[in-house]
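In this note's numbering, the protein residues as written are 373 to 559.
Backbone N, C-alpha and C define an ideal beta-carbon position, used for all residues, glycine too.
What follows is a single structure, written as structure tokens, with notes after it.
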């Protein structure tokens with residue numbers, strides 16, 4: 373069932389999963405360690421993230437899936453994640469840092485349904501269940517790798533995980549661009 377297009381999508385799913393789970397873990401550590409914020413603040417921030425991502429998923433995501441060139445839009449979404457992660461490295465102000473973090477979360481939350489729709493379109497109807505299972509496996513693999521690595525690198529330097537997240541999302545941008553270009557060439 374594996375085609376070159378599906379392979380690229382699964383690579384993006386796994387890479388984005390590594391990036392997002394690494395980001396999620398280091399964000400939680402960083403708020404407590406560097407800004408001395410309690411878990412209550414973390415909860416308030418996550419509630420705001422939930423509202424923003426709900427809004428983006430019910431508007432922007434639907435528009436992207438129905439009206440745009442999804443591979444190109446996906447490239448832009450992961451580029452927003454990469455650039456926002458870079459900004460978390462450069463911005464010392466708490467509230468600007470949190471805004472950049474919300475952009476990372478929102479970009480990822482919109483990219484997941486876009487990736488799912490791309491997988492569904494690429495899958496042979498007879499093997500859709502197998503393909504979607506593989507999609508979930510790639511997403512889980514990214515989650516495990518992201519959570520595992522960030523704990524080790526955070527102890528080296530508090531900003532290092534954010535740098536790694538920016539690099540991981542940068543790699544995802546390259547794969548997304550490759551998918552977009554490969555798809556254009558196939559047409």
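Option nearest residue i by Cα separation, candidates the options
i           : options               : result
residue 539 : 454, 508 and 555      : 454
residue 561 : 530, 479, 520 and 544 : Residue 561 cannot be examined here, being either before or after the span of the chain that is shown, 373 to 559.
residue 488 : 503, 520, 418 and 477 : 503
residue 537 : 440, 473, 490 and 425 : 473
residue 422 : 490, 525, 477 and 505 : 477
Cβ separation of residue i and residue j, assumed to be a contact under 8 Å, to the nearest whole Å
i           : j           : result
residue 437 : residue 486 : 6 Å
residue 382 : residue 535 : Between residue 535 and residue 382 the Cβ distance is about 25 Å, and since that is not below 8 Å, they are no contact.
Counted within 10 angstroms of its Cβ, other Cβ atoms place residue i as buried (16 or more) or exposed
i           : result
residue 498 : exposed
residue 479 : buried
residue 431 : exposed
residue 397 : buried
residue 481 : buried
Through-space distance from residue j to residue i, alpha-carbon basis
i           : j           : result
residue 512 : residue 393 : 10 Å
residue 428 : residue 494 : 25 Å
residue 376 : residue 450 : 20 Å
residue 468 : residue 461 : 11 Å
residue 426 : residue 484 : 13 Å
residue 378 : residue 446 : 15 Å
residue 470 : residue 556 : 37 Å
Test: residue i CB closer than 8 Å to a CB of chain D
i           : result
residue 481 : Here chain D cannot be found, since the structure has a single protein chain.
> Is it a yes or a no for the segment 539-554 touching the segment 383-391, going by three-plus beta-carbon pairs under 8 Å?
Replying inline: yes
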